[in-house]
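Protein chains: 2
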Amino acid sequence: MQPNDLLTGDLRIGVEHRVRFCRAALEATSGTTPPIVEELARLPRTATGFRPRMLPVVDGGFAAANPDFAARLRRTIESAGSAMPAIDEPLVVPGGEGSKSDPAVLESILNALDRGRICRQSVVLAIGGGAVLDVVGYAAAIFHRGVRLLRMPTTTLAQDDAAMGVKNGINHRGKKNLLGTFAVPTSVLCDLDLLGTLADRDWRSGFAEAVKIAVIRDEALFARLERDAKAIRERDRSASEPVIRRSAELHYRHILEGGDPFELGTARPLDFGHWAAHRLESMSNHRLRHGEAVAIGVALDSTIAMLDGRIDETTQRRIVATLLELGLPITAPELDDLDGLMQGVEEFREHLGGVATVAMPIRLGASAEVQPPGREEVAAAIAILQR
Amino acid sequence: MQPNDLLTGDLRIGVEHRVRFCRAALEATSGTTPPIVEELARLPRTATGFRPRMLPVVDGGFAAANPDFAARLRRTIESAGSAMPAIDEPLVVPGGEGSKSDPAVLESILNALDRGRICRQSVVLAIGGGAVLDVVGYAAAIFHRGVRLLRMPTTTLAQDDAAMGVKNGINHRGKKNLLGTFAVPTSVLCDLDLLGTLADRDWRSGFAEAVKIAVIRDEALFARLERDAKAIRERDRSASEPVIRRSAELHYRHILEGGDPFELGTARPLDFGHWAAHRLESMSNHRLRHGEAVAIGVALDSTIAMLDGRIDETTQRRIVATLLELGLPITAPELDDLDGLMQGVEEFREHLGGVATVAMPIRLGASAEVQPPGREEVAAAIAILQR
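Residue numbers (my numbering), protein chains in the order written: chain A, 1 to 387; chain B, 1 to 387.
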């Protein structure tokens with residue numbers, strides 16, 4: 001035995017991160033194979049003579065608005081024959097952030113995975129908004145140390161941001177995303193047609209993440225959002241879809257090329273406006289949707305950036321006006337509780353560890369990592385927004 | 001929007017997997033820095049002006065046998081100054097497989113992590129046997145989507161096998177390791193001196209994994225085990241330590257070089273004897289230690305391999321004799337319940353998915369992946385072992 005007897009080496013892994021945008025994911029339009037069948041047919045079949053299984057887990061909001069979806073899904077999969085997994089009865093779970101806070105939701109998913117004999121060659125099909133994708137993704141990541149996950153996001157927010165990510169999570173002890181893992185989904189299928197039944201409020205909410213990433217990454221996307229805000233609010237597809245698609249790509253590229261997909265550093269450069277947003281969500285007991293809280297956080301941090309001299313007043317006004325024209329809020333009663341709000345900085349720091357920085361715009365389309373704002377700046381910015 | 005509008009690319013990560021063997025991990029022997037201080041000093045300090053924290057979580061069995069350990073640990077860390085994390089009061093958890101089955105143990109660890117404000121730059125120090133390393137590793141892997149984990153294995157089994165792995169887990173719904181993740185620990189520090197207070201039964205138990213890997217990977221290690229079995233049983237350090245070290249290295253090399261560290265395929269080539277072992281553990285309500293169950297599983301599968309003509313009778317007899325000379329069991333009353341035992345094949349298959357294969361020796365030091373044994377072969381092998 002040497003005094004310094006060491007085994008060392010690097011464990012290297014490469015995993016495909018695959019996102020596909022489509023329409024009519026379940027339909028064989030003009031003789032083609034339905035996109036969902038194509039995605040499932042791609043899964044490696046490591047074992048011969050064995051048919052994997054698939055458990056769909058569906059967001060209750062989406063299921064209620066699309067009562068025939070489960071039957072169409074089954075027909076599509078079954079008519080594609082034995083190359084497809086054997087499909088289970090779908091499990092419907094409540095939508096929205098509450099599903100991430102209720103341990104019974106996670107438990108019901110784990111029970112369904114066990115009853116459905118989902119193995120490491122089988123697939124969980126998560127259909128829903130960002131919260132449902134998070135809790136189903138978490139269940140899939142811990143069951144048998146990770147089973148395959150196919151995500152079908154059903155909200156603007158999930159399609160333009162959340163479903164691009166390689167993380168999952170649930171809330172615990174009253175803290176957002178206290179438990180979770182980093183895990184690359186097997187495949188992400190964004191069917192733009194699924195957005196048709198979304199409630200207006202949820203439709204609008206998702207564009208807050210597009211504004212967020214436009215402000216810090218892409219001036220052209222911001223100009224498009226500014227120009228088309230009214231048409232987007234009114235659900236014009238030709239105005240909305242390019243924005244969703246571009247926002248998704250910016251989020252996707254950051255994960256693939258940003259150099260820190262698993263967030264080992266002390267910054268989360270895409271989380272502009274999010275220190276306040278996460279806090280406002282929990283202060284409002286989730287009355288505020290994530291996207292609405294992000295809109296307020298983006299308005300707040302843009303105003304702080306103006307007060308700090310990082311961006312000019314015209315830029316701040318353009319950002320706030322675009323949020324308003326999209327039908328998004330820029331204030332909430334919770335902003336009056338400054339002490340409560342400032343805890344958001346502390347929680348952001350605690351999650352990342354160390355002295356976390358926050359992203360702040362330095363002009364349209366670019367940002368810098370800076371120290372989190374102080375109490376006085378935040379108060380001054382709130383006063384401006386409330387006028 | 002193109003009909004096939006795809007974002008694709010590979011997410012690549014490389015993580016160091018680092019294992020260090022030492023003695024006196026807490027001591028500054030002859031003026032050197034204590035090994036534990038060296039390991040902690042290596043952690044990247046991404047944030048300046050911020051001191052990470054460290055929560056020790058200690059196996060109850062080890063804590064009872066080493067009542068001064070926690071105080072010595074604190075003194076060592078504190079006297080190394082501010083380059084070290086701020087150390088919390090240790091959390092003591094029950095040792096053994098029961099800690100993986102009791103949700104209260106996981107919850108108590110998560111609560112301590114939250115109370116101790118462990119962030120993604122902070123460290124969980126897991127001190128214990130394989131079961132404790134598994135449940136603490138799982139808690140560390142899901143808390144804030146993964147905090148740093150330093151493992152200090154305290155049993156022969158953990159040092160010669162379990163702590164080399166890149167996985168963790170807990171039992172759920174009565175199934176072993178139903179929940180867990182793959183996660184590379186930040187560092188593994190094997191202090192051979194920690195084995196001194198281990199109970200004899202636990203001491204012996206760990207060598208079952210050394211026999212297992214010797215039979216399928218290293219004829220020279222098997223010859224050494226065969227030759228030194230009595231000395232090892234009697235806890236002669238010069239006989240035991242090279243075996244522990246070599247077994248650890250073989251397990252480590254397999255993970256780093258075996259091509260499937262996260263078990264995406266349908267085989268677990270090191271799990272020779274384990275389909276029966278996992279099942280025997282749960283059939284005996286964990287009266288059988290993992291190592292004891294592995295000894296029985298290795299004896300059983302070696303006998304099946306002989307009946308199948310894969311190895312000769314001399315080889316089978318040498319394997320069984322070595323296990324017995326090490327003080328390990330080769331049978332248990334649970335073998336009489338053949339139906340119950342055969343469920344082990346099904347559970348093994350379900351965890352991996354598909355038609356799992358099992359590793360079987362083809363001569364000393366080499367193995368092949370073959371179809372799991374049938375009921376008749378298993379019955380015949382049991383009859384031979386029971387004679």
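No residue lacks a Cβ here, since even glycine has one placed at the ideal position from N, Cα and C.
Leaving aside the five residues that flank Arg-42 of chain B on each side, the residues in its chain whose CB is nearer than 8 angstroms to its CB run, in chain order, Ser-187. When secondary structure is reduced to three states using DSSP, Ala-356 of chain B falls in the coil class, being assigned neither helix nor strand. Against chain A, the beta carbon of Val-57 of chain B has no neighbour under 9 angstroms; the closest one sits roughly 17 angstroms away.
For Asp-5 of chain B, the uninterrupted beta strand (DSSP E) run begins and ends at 5 to 22, by DSSP. With its beta carbon less than 7 angstroms from one in chain A, Arg-20 of chain B belongs to the interface. Note that the C-beta distance between Thr-181 of chain A and Arg-145 of chain B is below 7 angstroms. DSSP places Met-152 of chain B in the strand class (E or B) of the three-state scheme.
Identification of residues in the region 275 to 291 of chain B having a C-beta nearer than 7 angstroms to some C-beta of chain A yields an empty set. When 8 angstroms is used as the limit between beta carbons, Val-166 of chain A is near these residues of chain B: Leu-11, in chain order. A Cβ-Cβ distance of about 15 angstroms is found for the pair Thr-155 of chain B and Gly-137 of chain B, leaving them out of contact under the 8 angstroms criterion. For Leu-55 of chain B, the three-state secondary structure derived from DSSP is strand.
Restricting attention to beta strand (DSSP E) runs no shorter than 3 residues, the region 110 to 147 of chain B encloses them at 123 to 128, ordered along the chain. Secondary structure note for Leu-91 of chain B: its beta strand (DSSP E) is the uninterrupted segment 91 to 93.
The Cβ-Cβ distance between Gly-344 of chain B and Arg-279 of chain B falls below 7 angstroms. For Phe-182 of chain A, at least one C-beta of chain B is nearer than 7 angstroms to its own C-beta. At a cut-off of 7 angstroms, the C-beta of His-144 of chain A has a neighbouring C-beta in chain B. In the DSSP assignment, Leu-73 of chain B falls within the unbroken alpha helix (DSSP H) covering 69 to 79.
Of all residues in the region 240 to 266 of chain A, only Glu-241, Pro-242, Arg-245, Ala-248, Glu-249, Tyr-252, Arg-253, Ile-255, Leu-256, Glu-257, Pro-261, Phe-262, Glu-263, Leu-264, Gly-265 and Thr-266 place a beta-carbon less than 9 angstroms from a beta-carbon of chain B. Among the residues facing chain A, Asp-5 of chain B is included, as its CB has a counterpart in that chain under 7 angstroms away. For the pair Gly-327 of chain A and Arg-233 of chain A, the CB atoms are nearer than the 7 angstroms cut-off.
Within the same chain, Val-92 come within 6 angstroms of Ala-63 of chain B by CB-CB distance, once the 5 residues on both sides are set aside. At a cut-off of 7 angstroms between beta-carbon atoms, Leu-179 of chain B makes contact with chain A.
If you check each beta-carbon in the region 97 to 121 of chain B against every beta-carbon of chain A, the ones closer than 8 angstroms belong to Leu-110, Asn-111, Asp-114, Arg-117, Cys-119, Arg-120 and Gln-121.
Looking at A:Ser-284, A:Phe-207 and A:Ala-379, the one whose alpha-carbon comes closest to that of Arg-246 of chain A is A:Phe-207. Under DSSP, Ser-367 of chain A takes part in a beta bridge, and its partners are A:Pro-361.
When the Cα atoms are used, Pro-333 of chain A and Gln-386 of chain A turn out to be separated by approximately 10 angstroms.
Here Arg-287 of chain A is exposed: its Cβ has fewer than 16 other Cβ atoms, across all protein chains shown, within 10 Å. Judged by DSSP in its simplified three-state form, Phe-272 of chain A adopts coil rather than helix or strand.
Here Phe-262 of chain B carries a coil assignment [DSSP, helix/strand/coil]. A distance of 7 angstroms or more separates the beta carbons of Leu-300 of chain B and Ala-321 of chain B. Judged by DSSP in its simplified three-state form, His-172 of chain B adopts strand. Residue range 187 to 191 is occupied by the beta strand (DSSP E) that includes Leu-189 of chain B, with no alpha helix (DSSP H) assigned at that position. For Lys-230 of chain B, the enclosing alpha helix (DSSP H) covers residues 219 to 233.
One alpha carbon belongs to Met-164 of chain A, the other to Thr-8 of chain B, and they sit about 11 angstroms apart. With respect to the 7 angstroms criterion, Pro-34 of chain A and Pro-85 of chain A are not classified as neighbours on the basis of their beta carbons. At a beta-carbon threshold of 7 angstroms, the residues of chain A lying near Val-15 of chain B are Asp-10 and Leu-11, ordered along the chain.
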